[in-house]
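J.:
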Amino acid sequence: MTRFEPAVLVLEDGSRYAGHAYGARGRSLGEAVFATGMTGYQETITDPSYAGQIVLMTAPHIGNTGVNDEDPESRRIWVAGFVVRDPSRIVSNFRANGSLDDQLVEQGVVGISGIDTRAVTRRLRDAGAMRSGIFSGTDAALSENEQLEIVRAGAQMSGLNLSAKVSVTEQVTIPATAERIGSVAVLDLGVKDSTLRYLAARGLDVYVLPQDVTAQELFALEPDAVFYSNGPGDPAASDDHVELLQAVLHEGLPFFGICFGNQLLGRALGLRTYKLPFGHRGINQPVLDRATGRVEITAHNHGFAVEAPREGVFESPAGFGRVEVSHVNLNDDVVEGLNALDIPAFSVQYHPEAAAGPHDANYLFDRFRDMVISNRSGSSRSLSDQSGSSRSLSDRIETDRDDAALDTPQAATPPAETAHPTDTESK
Amino acid sequence: MPKREDITSVLVIGSGPIVIGQACEFDYSGTQACRVLREEGVRVILINSNPATIMTDPDFADATYVEPITWQVIETIIAKERPDAILPTLGGQTALNAAIDLHNHGILEKYDVELIGANFEAINKGEDRQIFKQLVIDAGADVARSHIAHTVGEAIDFAEDLGYPLVIRPSFTMGGLGSGFAYTPAELIRMVTDGLHQSPTSEVLLEESILGWKEYELELMRDTADNTVVVCSIENVDPVGVHTGDSITVAPALTLTDREYQNLRDIGIDIIRAVGVDTGGCNIQFAIDPADGRVIVIEMNPRVSRSSALASKATGFPIAKIAAKLAIGYRLDEIPNDITKVTPASFEPTLDYVVVKVPRFAFEKFPAADPTLTTTMKSVGEAMAIGRNYSTALQKALRSLEKRGSSFHWDGEPGDKDALLAIAAVPTDGRIVTVQQALRAGATIEEVFESTRIDPWFIDQIVLINEVADEIGSFRPLDASLLRLAKDHGFSDTQIGALRGLSEDEVRRIRYAFGVRPVFKTVDTCAGEFPALTPYHYSSYDQETEVLPSGRRKVVILGSGPNRIGQGVEFDYSCVHASFALSDAGYETIMINCNPETVSTDYDTSDRLYFEPLTLEDVLEVIHAESQSGEMVGVIVQLGGQTALGLAKGLKAAGVTILGTTPEAIDLAEERGLFQGILDVAGLVAPRNGTAVDYRGAVAVAEEIGYPVLVRPSYVLGGRGMEIVYDSPSLADYFRRMDGQGIIGAGHPLLVDRFLDDAIEIDIDALYDGTELYVGGVMEHIEEAGIHSGDSSCTLPPVTLGREQIARVVEATHAIARGIGVRGLINVQFAIGAGVLYVLEANPRASRTVPFVAKALGLPIAKAASLIMVGRSIRSLVESGMLPAADGSHVPMDSPVAVKEAVLPFKRFRTKEGHIVDSVLGPEMRSTGEVMGIDSNFPKAFAKSQEAAYGGLPTKGSVFVSVADRDKRAIILPVLRLQQLGFEILATIGTAEILARNGIAARVVRKYDQGEVSSEGEPSIVDLINRSEVDVVINTPSGRSARVDGYEIRAAAVAADLPLFTTIAQLGAAVASVEAIRDGFDVKSLQDYAIERAERLAVLVG
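Protein sequence lines correspond, in order, to chains H and V.
Heads up: the first sequence begins at 166 in our numbering, then just goes up one per residue.
Heads up: the second sequence begins at 87 in our numbering, then just goes up one per residue.
Have a look at this one:
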């Protein structure tokens, strides 16, 4: 049977977990986080949002179905390090064309296996996400103190801008894969392939733009809408992206943001973002869509969140009119979506593109498409035209639910034709 | 939407007796439902004919009806109780069928009562194959392709399209007759030709074969707001072709990519939506072609199922409880997650461990039955294990089966690789061990996959286990790192010992010396994301333990492990009751069990739950972990059947306190010589007996004490190998059959007892505290001695025993309890033959009849026993009101009579040739469950028990009689009465002659062995049964040597679901009942019986 080589996971609080070397040998440093999905490790490790993080999978058996060419969410593996309990010894799936272990080695991702992953998870849950390091190969022989110092010398996630690391450097265009309704400029802050596929499938030509694109360059493309993707890093360290977004919002272009894009919309609207103790990383999170009262099971991967009043409608501190929290996480009440009532912009903190995860929230891409269509036909909202203000979500909740004693701080404008399309389920 | 205010009372339908395919998982789900509804302030009315269940405990409902589950009886209950709604989705197929009957007979409309959980349309959509097929296709999924052929030519054309192999099913034949797989055109032509001939409509269904595909199940829940969650995915290790209940299954699914899993999830959600389940759960089964990923939906159940019980235990998400809340109007997001308390139930559990379920079979009870596993479920129970990885969970699950040879082993040479692969190609009990041996013999993963179609990932895990075994068996020192490696793949101390030539104890000492001990993790629904507040634990050789210290006084209760024939839900009843009673008395209760179907493994039942195998090693580790804090008072072993009792000695040797009857005292009852000493002191007699270790010795004993003799191996359960032998040739035959099973030999002598012909058998359950005896109940068997007590029907109170006889039984029980030194429960079996009271056996533990006694007489003896075990006296229990002052030794004349009837699984088992196995009752127990009939007198109660067990006695029609010579005298009166009641009497020539001479005209029918259809075209009895021209069959076999006699008759009767009486005693009871049932049944709840009992007592005292 295979002989194990030693490896150790070291957290910045000094706790150590000795296990077996897995993937590449050497050292990896990053913020230790845990992900609770039981499927989709290939999507997870190729999700750019995980850049700079050492990801621990709480599901014990990882690698069983190997790797294939269809499931990656980007061109490479982004996790800084990978922690699993029981890596698969073989590959068993008709689509597989390689093993996860080999791919980790090829891409130089240092991992560790055979440790008490649940103990680490509980540690991170109680103490919060921490800087950490995996040491194997010759680095495993370093003294405990040396290893700990190396970990503590690593970068803090707070204040870190990682967008340049994950973004495309030149524009990439993906043509619409359904009847064309327009175009969308995607600011690539770490976008996932599924997102691009879903946008193209809604009839949008997709211009994937480098994260340092200027407003002039963006507007020169004359997109019908703008999209901000998910991605790694602290939204408070992305002021350029926020300014660009404010310019887009002033233009009245329809906007949709996911994850990091949601945090940046929040900041563009003048809201604060903050770091969660250990984040949401899983594919089983219940999110309430306050417009419909329905619960979606959703994929999450975020360590930061937007601070906003949970109930009712409030004014954008940055002057973009009325805003409301459209979605909340039922586990811990974290803001999971924003909806601007006076401009055509909305965003969600979770991942409607899933991959990995359930498809419950995929309808949001339809909502975006419908917003683009109605904006082109001239019924859109912009700051200069407040007369067409739509019926707010809170109004709808109030009329749809007889028990709603929701606090609406501002008198609702008379219901006009809604700019929100009805939810259509898509597959 | 919050709780519906228009529902203030709900009728919950239970699942009736335990049968194969529908076991105590429905007691678990029903108990949860009753609890939830009552917590919500809803008045709960319950019907369930199964007295062994926890749900029928009067504490769980406002009105508990232990009555037959028929639409007529339910209508009577509805008329009396006027419930607002009926909840039929938690009582298995039985409850669902009852709901459909109620709908079809217009009862729901007549009484304006609503079905909740699933409405009629949803039930219909899920059950009607044609509607369901369309609905699956509309959901964008696929079903197995099929064609109907009327000619061989058509069939050949279709086969071109479907490809080989394909499934052939002749239409409208009984029990799958003529169906099978065709692998070649030649086979197709032969099978279709036969099939067209056999089919009354001359058509055969050709269906695409999905044999060998990967099989998955999803458990879904949906609420009125269309919120839908997938609670759990389950993967079958055995591919399609083996019933999921007979498969080794694993949760979560381990060989799916996210894309494939989400595809199943999307299809599942579309189906539950289309079927319209919007206040409950469902289970959907899928097949996936391993070659290209094509998905086929096999079926869906619009109700809580066996898999939902498994999923609940596997995830910590209580499906039945949530289903009950949804049924009364709540939405998923309005229900808190029990385990975290702060997050809602509208989420999908995620697991950081692996759960493996393995089935427990009972083929040894039916030696003639074909043990091949098919799409018909044959297992009688299951064990579940939780481990941090698959290899651990699998090995723990296999040792939880408590069956010789069920665990992986490395003894001797594995055998021939090709032979092993050929054996593994046919799914049977223990195939996984054959696979392991084939791999030892050098088979590759590919070869095993070709032979079994088990996913290569699972095969590799067995390769891994073999590699670890090689490592353990190597010359490496047995140090901490090697022990940790072994333990991280689930090796037991016993297995390690076998590989190293050490005893289990020696391994344990070495392990302790190195400090290699397990930690205990928590099942928390969320992989550690949120703190868990419910102590539901499993062991793992990881780093960090999650057992919280407590300063309380602790009692550990050992459960009874997987259900099997002879040890089922009735032991779980006693364990659960002990837990409740001790918890009320202020103890911290700690349950250890490995059966996912039970109430005892509900994390709500005890203060702490350890889901662990019931082996000495695993139990000692839990006790060790719990002994780190608080005060360990001791362990209760006498409630969990033979499983728990068997651990007593080892636990005591390890320094653990056994509560109640001591292991030494248990030995007094088990060891024949010691027990004889107790009887001698008490002046009691046992039938003449002796022991032997071989045939020669057995013949000597038998000739000494006289034939017939009852033979049984020592140290076996449920009467395994127990037979009545009439002469020496039969005894020789017996030894031939037992040969090689390793159950008779030096150290395991055969017990040979004089068999008492025509004796009345009596069972008694009692409590003893060292000074006082408290009788739970004295039960009279309806069948004569010689039928296993678990298979015979019995009545409480006795209906033909005199006061003086009962008094002698009670006195004798007292003497035996004192002699043994019982503290807690004792069960004694007696026989009265020719006026002599014989002691057959004494069991110082909870018996199968404890829950029956509790329901029939309202005496909570399991609860009382647990308190006696921690030191309370019977007197104090009576004084505190826990036990009524009057015990069960005398039952007042106007009390109701309760009859317990066994339910037998003969119909499930067929021989290799496709015939039904014989259905004669004997000393070896073969029933899977029981029902109770309770009414004002014996005939009515017996009639109810028959109705509940198999659909009941007819009140008119024809009766076929064919009995052994020794029974001919006894049948005259009952048969005469049947004739007077209007039945036509049919008989074979010998029996007809006797009847005619006694003035009873009977139509003579040819025997089966006289030819199926004679030259004159005169039908045989088997033909008549098959043509439904017979309504009742009375057939007694004339001893074992003539066993084949009447076999075809009994087999046909079982196949046709006819009432079949194989003893004269049953016949007598049945005849009395026919008159009693002509006006239908009256019903009364256990609570009303209790009120009457209290009133009688008050009169008595007053």
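We put the CB at the ideal spot given by N, CA and C, even for glycine.
Please read all numbers here as calculations on a predicted model, not as lab measurements.
Output yes if chain H places a C-beta closer than 8 angstroms to the C-beta of V:N313; else output no.
T.: When Cβ-Cβ separations below 8 angstroms define contact, V:N313 makes contact with chain H.
J.: Bridge partners for H:I227 per DSSP, in chain order?
T.: Answer by DSSP bridge pairing, in chain order: H:P252.
J.: Would a check of beta-carbon distances place H:L176 closer than 8 angstroms to chain V?
T.: With 8 angstroms as the cut-off, H:L176 does not count as an interface residue toward chain V.
J.: Drop a sphere of 10 angstroms on the beta-carbon of V:F561, count the other beta-carbons inside from all chains shown, and report buried for 16 or more, exposed for fewer.
T.: exposed
J.: Please give the ranges of any alpha helix (DSSP H) in the region 343-387 of chain V, keeping only runs that are unbroken, at least 4 residues long and fully inside the region.
T.: 344-361
J.: Are the Cβ atoms of V:L953 and V:A566 separated by less than 8 angstroms?
T.: no
J.: Within 10 Å of its beta-carbon, does H:V331 have 16 or more other beta-carbons around it, so buried, or fewer, so exposed?
T.: buried
J.: For chain H, is any of its Cβ atoms less than 8 angstroms away from the one on V:K949?
T.: no
J.: From what residue to what residue does the beta strand (DSSP E) around H:S297 run?
T.: 295-301
J.: Decide if H:N466 is buried, meaning its Cβ has at least 16 other Cβ atoms within 10 Å, or exposed.
T.: buried
J.: If you check the beta carbons only, do V:L292 and V:L248 fall under 8 angstroms apart?
T.: Result yes, Cβ atoms of V:L292 and V:L248 sit closer than 8 angstroms.
J.: Would you verify that the beta carbon of H:R181 is, or is not, closer than 8 angstroms to some beta carbon of chain V?
T.: no
J.: Taking just the CA atoms, how far does V:L132 sit from V:S966?
T.: Distance between the alpha carbons of V:S966 and V:L132: 29 angstroms.
J.: Taking V:V956 and V:G863 to be in contact with their CB atoms under 8 angstroms, please state how far apart those CB atoms are, rounded to whole angstroms.
T.: V:V956 to V:G863, Cβ: 24 angstroms. No contact.
J.: Anyone know if the C-beta pair for V:E674 and V:S625 falls short of 8 angstroms?
T.: no
J.: Please list, in chain order, the chain H residues whose beta carbon lies closer than 7 angstroms to that of V:A377.
T.: Near V:A377 (Cβ distances below 7 angstroms), the residues of chain H are F259.
J.: Terminal residues of the continuous beta strand (DSSP E) containing V:T335?
T.: 335-337
J.: Closer than 8 angstroms between beta carbons: that is the criterion. Which residues of the region 432-449 of chain V meet it against chain H?
T.: S432, F433, E434, P435, T436, L437, D438, Y439, V440
J.: With a threshold of 8 angstroms between beta carbons, is H:R168 in contact with chain V?
T.: no
J.: Counting along the chain, where does the beta strand (DSSP E) carrying V:M277 start and finish?
T.: Per DSSP, V:M277 belongs to no beta strand (DSSP E); it is in the alpha helix (DSSP H), 271-284.
J.: Should the region 971-981 of chain V be called in touch with the region 691-704 of chain V, which here means at least 3 C-beta pairs below 8 angstroms?
T.: They do not touch, by the three-pair rule.
J.: Unbroken alpha helix (DSSP H) runs of length 4 or more, entirely within the region 522-550 of chain V: which are they?
T.: 531-538
J.: Count the other CB atoms within 10 Å of the CB of V:K427; is the residue buried (16 or more) or exposed (fewer)?
T.: exposed
J.: Would you say V:G261 lies against chain H (beta-carbon separation less than 8 angstroms)?
T.: With a pLDDT of 48 at V:G261, under the threshold of 50, the modelled position of this residue cannot be trusted; read the value that follows with caution. No, V:G261 lies away from the interface with chain H (no Cβ there is under 8 angstroms from its Cβ).
J.: Could you check which residue in H:L176, H:T282, H:S264, H:V373 has the C-alpha nearest to that of H:V333?
T.: Nearest to H:V333 by alpha-carbon distance, out of H:L176, H:T282, H:S264, H:V373, is H:V373.
J.: Go to V:N190, then tell me how far its alpha helix (DSSP H) extends in each direction, as first and last residue.
T.: Element bounds for V:N190: 178-190.
J.: Could you check whether the Cβ of H:I423 sits closer than 8 angstroms to any Cβ belonging to chain V?
T.: Residue-level contact by beta carbon fails for H:I423 and chain V, as no gap is shorter than 8 angstroms.
J.: With distances taken between CB atoms, is the gap from H:G355 to H:P213 smaller than 8 angstroms?
T.: yes
J.: For V:I596, report the span of its alpha helix (DSSP H) as first-last.
T.: 590-599
J.: Against chain V, does H:F530 count as a neighbour if the rule is that its beta carbon must be under 8 angstroms from one of theirs?
T.: no
J.: Taking one C-beta from the region 297-307 of chain V and one from the region 353-363 of chain V each time, how about it: are there three or more such pairs within less than 8 angstroms?
T.: yes
J.: Shorter than 8 angstroms from the beta carbon of V:D352 to some beta carbon of chain H?
T.: yes
J.: Would you say H:L450 lies against chain V (beta-carbon separation less than 8 angstroms)?
T.: Here the sequence assigns Gln to residue 450 of chain H, which means Leu is not the residue at that position. Judged by the 8 angstroms Cβ criterion, H:Q450 is in contact with chain V.
J.: Do you know how far the Cα of V:A1142 is from the Cα of V:P174?
T.: 27 angstroms
J.: Jot down the residue ranges of each uninterrupted alpha helix (DSSP H) in the region 200-264 of chain V, minimum 4 residues, whole runs only, in chain order.
T.: 206-213, 215-224, 238-248
J.: Counting Cβ pairs closer than 8 angstroms, one from the region 1029-1049 of chain V and one from the region 1107-1122 of chain V, do we hit at least three?
T.: With the cut-off at 8 angstroms, the region 1029-1049 of chain V and the region 1107-1122 of chain V touch.
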